[in-house]
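Below is one structure; the comments refer to it alone.
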Amino acid sequence: MERLQSIPKSWIYVILLIVLAGPLLRPIGIPIPISSDIRKSFEAVDSLAPGSVVVFGFDYSPGSAAEMEPQAMAILEHLAEKQVKVIGISFQAQGPEMATKAFSATSWAEKEYGVDYVNLGYRAGGQAAVAAFATDIPGTFSTDYTGKPSSSFPIMQGIKTAADIDMIITIAPGQPGPEDYVRQVYGTYKTRIIAGVPAVAITQVAPYVQAGQIEGILGGLPGAAEYEILVEKPGQAVAAMDAQSLAHLLIIVLIAFRNIPSFFKAKEARAQSMSGSAQKAGRGGRS
Amino acid sequence: MLIEVGKQFSFASLFLLFVLFIYCIREARRGKVPQIRKLAALDAIEEAVGRATEVGRPVHFSPGIIELTHERSAQTLAGLSVLSYVAKLCARYDTDLVTTIMKPDVYVVAEEIVKQSFLEEGKPDRFSGEMVRFIGAEQFAYAAAAVGIMYREQVAANIMIGSWLAEALLLTEAGAQTGGIQVTGSATVAQLPFLVVASDYCLIGEEIYAASAYLSQNPVELAVVRGQDLAKVAVIALMCVGSVLLAFGSEAILQLITK
Amino acid sequence: MKNSLPVAIMTVIALIIILDFFVADAPSVQWIKQSGLVLRSWGIVIAAFAMGLGAVNLLRRHTVAISRREPEALYSVVLVGSMVIIIILGIAYGSDHPTYSFLFSNILSPASATMYASIAFYIVTAAYRSFHARSFESWVLLITAVIVMLGKAPIGSVISGFFPTAADWIQAIPNTAGMRAIMMGAALGVVSSAVKMFLGLDRTYLGLRD
Amino acid sequence: MSLDFGIWVEGLVTIAMLSYVWKENPFYRIAEHLYVGISAGHAVVMAWGNIRDAAVKPMQEEGQLVWIIPILLGVLLYSRYFKGISWIARYPVAVMVGIGTGVAVRGAIHGDFVQQISATISVGSVNDILLLVFVIASLSYFFFSRELKGPMGTVPQLGRTVLMVAFGAAFGTTVMGRMALLIGRIQFVLGDWLGIMK
């Protein structure tokens, strides 16, 4: 039994890799409950009429893509199905690449560039750029990511300010992020906002959702997975959730292995361990 | 009013804290020296350096990855004051020290501190440029280099006090692999759980700021720590009174604080 | 003078930056806001100069290793070479030079993403190594971690609805309380350290200890 | 399998960096030194750009001579290479530390201290009251000058337990984000690079 307490490190790593890669190649399908946040976001997007114009903020970079990209793809699939028009923008330097990747990996690849969707690229300046965008879209994004004038695209006809936009969707792990869209855009134009954020940022954004300034949020990979299920296109994130569940279970099993043997031993020599634990509980020590 | 509405109470508290700390320092100069409780993590540093000396392997120190002009720079400075203690111990025991640094401005200060510590221990010639190493200005490049160094030089003690981001766990795991005592400390709440779990001793939050007083046992510094305690009593009282009043329907305290 | 003037400069600058945060937008104190802004941009410039010192330290250590033909010299050649190439490209042609972007996006970015991702391995071994229930407190730590892990992954709600609910409560109440107390205590530590520095009682940052 | 040279380099770097978790090895060392070299070089280029755009340009093009001050302070840092005048470097350091201490104090007192106090004063529900009790208990753990004894001693003990719960919870939540990152890398290797996964 003591052997359970000293599993070699490399074994643990191999098991972790198997546990993570296995479900990615062959999903198990552990049921994923849908939370109210995701349902609200889904219903908001679902309420868009065909032909509505949506601004999609690709405000993430390769470093955070693992968590953010599946969210973007799931929502993009839904938008494609709803026959709306999408204007892709970015306030992150590497966002335009992310946009190109996401458009080409979803149903948007079959749609017409410039008519159904466009990728207007990146503008520097953070929060100030978001403010400029709200009041003057063609001025702030005067060209697309390849440098073609944005006024040359049919999709951009009649788009001046954020008031001409039916909804803003931003996928943002940091700043500028949902807070900036709320302050700079919602404050003046009351444009509907949906935000995708990392799991750790949900609590930061929650107050805006409570106040109704953001209509819906997606948090981390689980958010993306739930959305994929609602759009009925289970993809990367759903597969990743199985991996996620197994990884959590693996850690719990390992913790159990570590503790069960000593649990039995403790029964034999309780008095000893009691005095030992009292010492260990000393301030500042290891816990 | 010259102070912005919504920040007036904060400004007043800052002023009161300044007054309180200065008062405590004056009391200490009059001879009233307070005692502070044991901080096991700091006692463990000497043991850690001692063991490294016995096995003839170096001690690794890092003051975190935050630059001097940053909002969390106070943690870096707290780390650097522990560095001066660690460097003196290393000088005294003729033990090798490896300080890894991610921010260039911190490197400038850290090198000065280590040099000075060796000078004060009367061993300026034992100091070498290899003791303070700038290793890459990006978070994970720093981590990659630091774990590489820790492994290759088989450090026998790992002391990390400062502000960290996700890379903290990489360093503590490298430290666990090479063995020896690990002493960590931080006031960055997001990383504390990992430091507490992965190291042998961890200074939590405010404890890193008391480290300098504890290590030097300087009466004036101890007096300031006592001042911090008095401030905490006041805060607890304020929260209790505020809540009781609120329960009876008065928002007086809440309004005062948000002024 | 050699030692007290820097302390005075440090104190005045810190006080201006503090006041800059608190003063209202009134014309009579506009100069404080203005100086705060100017000082912070100075900080960026000075810190940029410090980068040169860091680079010199890094290059010097590795060129010494190369010239001594230490066994590690090959790696030092790689480091010095890549560093010099990217500095020359960046300064002569700007960071949008194709080779520069290639080094950046195909080496630096994946290396950084991989280091970041490798934390997943260590989080598992750290849990295995350290979640050893020896005392009441380590039990508490271990059990909360397990509940929250189950509550956060779909598997938890499959086992029991208790886990997500418990995880949310733990995060909202004890977690918030603990983190809040740490922040408040640390804030006092920051202010007390500042006072010690303003009074010249702590001059460690100048390399001086009394 | 991908035929793109860039993807291959990216894939090899990924494997080399990852190989460290198994064992420190020459491939890791090469990747590590390459990574450190490029990132340090990049930082130098960025620093150069900062000095040029933030200080030199406004001085040359708009005649803002005041920028000579930070440039001079920056140059003074290099006095440490010269024995006898190395103490001059203390001035730029003092300026940087002054800025840092200023932003640290103002952030600490307002956001981390006063706003946390006001957020804690709330008695709307049982949870609010528990939160208040837990905050007070945890704060009492940080008393340095006097050990609370007798029945009062249970307060810091409770505080320490609350802190452990907080750490356990934070550990548990972070596991998820970290796994997501590794899953992302595995998806790159199996999907984009090797093409085993769709």
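The listed protein sequences correspond, in order, to chains A, B, C and D. Here the numbering used here is used: the first residue of the first sequence is 1, the next is one more, and so on. Here the numbering used here is used: the first residue of the second sequence is 1001, the next is one more, and so on. Here the numbering used here is used: the first residue of the third sequence is 2001, the next is one more, and so on. Here the numbering used here is used: the first residue of the fourth sequence is 3001, the next is one more, and so on. Built from N, CA and C at the ideal position, the CB exists for glycine as well.
Quick check: is the beta carbon of residue i nearer than 8 Å to any beta carbon in chain B?
i, result
"residue 3101 of chain D", "yes"
"residue 3014 of chain D", "no"
"residue 3076 of chain D", "no"
"residue 2136 of chain C", "no"
"residue 2029 of chain C", "yes"
"residue 3170 of chain D", "yes"
Does residue i get closer than 8 Å to chain D when you measure Cβ to Cβ?
i, result
"residue 1001 of chain B", "no"
"residue 220 of chain A", "yes"
"residue 90 of chain A", "no"
"residue 2024 of chain C", "no"
"residue 162 of chain A", "no"
Show which residues of chain A have a CB atom less than 8 Å away from the CB atom of residue i.
i, result
"residue 2149 of chain C", "248, 251, 252"
"residue 3096 of chain D", "In chain order: nothing, as chain A lies at least about 24 Å away."
"residue 3022 of chain D", "10, 13"
"residue 3190 of chain D", "21, 24, 25"
Quick check on residue i: does DSSP put it in helix, strand or coil?
i, result
"residue 1219 of chain B", "helix"
"residue 1160 of chain B", "strand"
"residue 1186 of chain B", "strand"
"residue 1063 of chain B", "strand"
"residue 1134 of chain B", "strand"
"residue 1181 of chain B", "strand"
"residue 2075 of chain C", "helix"
"residue 85 of chain A", "strand"
"residue 3129 of chain D", "helix"
"residue 2163 of chain C", "helix"
"residue 2206 of chain C", "helix"
"residue 56 of chain A", "strand"
"residue 3014 of chain D", "helix"
"residue 115 of chain A", "coil"
Sorted by chain position, which residues of the same chain lie with C-beta nearer than 8 Å to residue i's C-beta, five sequence neighbours on each side aside?
i, result
"residue 109 of chain A", "103"
"residue 64 of chain A", "173, 174, 198"
"residue 239 of chain A", "23, 24, 27"
"residue 1172 of chain B", "1158, 1160, 1182, 1184, 1194, 1195, 1198, 1199"
"residue 2206 of chain C", "2003, 2006, 2007"
Which bits of chain C does residue i rub up against, with CB to CB less than 9 Å?
i, result
"residue 1228 of chain B", "2185, 2188, 2189, 2191, 2192"
In chain A, which residues lie with their C-beta within 7 Å of the C-beta of residue i?
i, result
"residue 2142 of chain C", "255"
From the beta carbon of residue i, is the nearest beta carbon of chain A less than 8 Å away?
i, result
"residue 3155 of chain D", "no"
"residue 2146 of chain C", "yes"
"residue 2167 of chain C", "no"
Starting from the beta carbon of residue i, find every residue of chain D whose beta carbon is closer than 8 Å, and list them in chain order.
i, result
"residue 1175 of chain B", "Those within 8 Å of residue 1175 of chain B in chain D number zero; the least Cβ separation is about 14 Å."
"residue 2180 of chain C", "3116, 3119, 3120, 3135, 3138"
"residue 67 of chain A", "3177, 3180, 3181, 3184"
"residue 76 of chain A", "The premise fails here: residue 76 of chain A is roughly 17 Å from chain D at the closest Cβ pair, so nothing lies under 8 Å."
Sorted by chain position, which residues of the same chain lie with C-beta nearer than 6 Å to residue i's C-beta, five sequence neighbours on each side aside?
i, result
"residue 944 of chain B", "Absent from the model: residue 944 of chain B. The displayed extent of chain B is 1001 to 1259, so no value can be given."
"residue 2010 of chain C", "none"
Just to confirm my understanding: we take residue i, look at its own chain, exclude 5 residues before and 5 after, and list those with CB closer than 7 Å. What are they?
i, result
"residue 3196 of chain D", "3190"
"residue 3192 of chain D", "3002, 3007"
"residue 131 of chain A", "184"
Quick one: list the residues of chain B neighbouring residue i, beta-carbon separation under 7 Å, in chain order.
i, result
"residue 1958 of chain C", "Only positions 2001 to 2210 of chain C appear in this structure, which leaves residue 1958 of chain C out of reach."
Starting from the beta carbon of residue i, find every residue of chain C whose beta carbon is closer than 8 Å, and list them in chain order.
i, result
"residue 1170 of chain B", "2115, 2118, 2119, 2122"
"residue 3025 of chain D", "Here the premise fails: no neighbours, minimum Cβ distance about 12 Å."
Does the beta carbon of residue i come closer than 8 Å to any beta carbon on chain C?
i, result
"residue 1219 of chain B", "no"
Would you mind telling me which residues of chain A sit closer than 9 Å to residue i, beta carbon to beta carbon, in chain order?
i, result
"residue 2153 of chain C", "30, 222, 241, 244, 245, 246, 247, 248, 249"
Find the residues of chain D that neighbour residue i, judging by a C-beta separation of less than 9 Å, and give them in chain order.
i, result
"residue 2090 of chain C", "3041, 3042, 3044, 3045, 3046, 3048, 3049"
Going along chain D in order, which residues have a C-beta closer than 7 Å to the C-beta of residue i?
i, result
"residue 1102 of chain B", "The contacting residues do not exist; residue 1102 of chain B stays about 10 Å from chain D at best."
Inset, instruction - Could you name the residues of the stretch 2092-2114 of chain C whose beta carbon sits closer than 9 Å to any beta carbon of chain B, in the order they occur along the chain? - result: Here the close residues are 2108, 2111, 2112, 2113, 2114.
Inset, instruction - Taking a Cβ distance cut-off of 8 Å, strictly less, list which residues of the stretch 3131-3152 of chain D are near chain A, in chain order. - result: Within the stretch 3131-3152 of chain D, no residue qualifies.
Inset, instruction - Check each residue of the stretch 2114-2127 of chain C: if its Cβ is closer than 9 Å to any Cβ of chain A, include it; give the result in chain order. - result: Listed by position, the residues of the stretch 2114-2127 of chain C near chain A (Cβ gap below 9 Å) are 2116, 2117, 2120, 2121, 2123, 2124, 2125, 2127.
Legend entry - Short-range partners of chain D found in the stretch 2047-2076 of chain C, where Cβ spacing is below 9 Å: Sequence-ordered contacts of the stretch 2047-2076 of chain C with chain D read 2047, 2048, 2049, 2050, 2051, 2052, 2053, 2054, 2055, 2056, 2058, 2059, 2062, 2072, 2074, 2075, 2076 [C-beta pairs closer than 9 Å].
Inset, instruction - Using a Cβ-Cβ cut-off of less than 9 Å, list which residues of the stretch 1083-1096 of chain B approach chain D; keep chain order. - result: Going along the stretch 1083-1096 of chain B in chain order, one finds no residue with a Cβ nearer than 9 Å to chain D.
Inset, instruction - Compile a chain-ordered list of the residues in the stretch 193-207 of chain A whose CB is closer than 8 Å to at least one CB of chain D. - result: Going along the stretch 193-207 of chain A in chain order, one finds 198, 199, 200 with a Cβ nearer than 8 Å to chain D.
Legend entry - Cβ-based contacts, 9 Å cut-off: residues of the stretch 2195-2206 of chain C near chain B: Those residues of the stretch 2195-2206 of chain C that come within reach of chain B (Cβ to Cβ, closer than 9 Å) are 2195, 2196, 2197, 2198, 2199, 2201, 2202, 2204, 2205, 2206.
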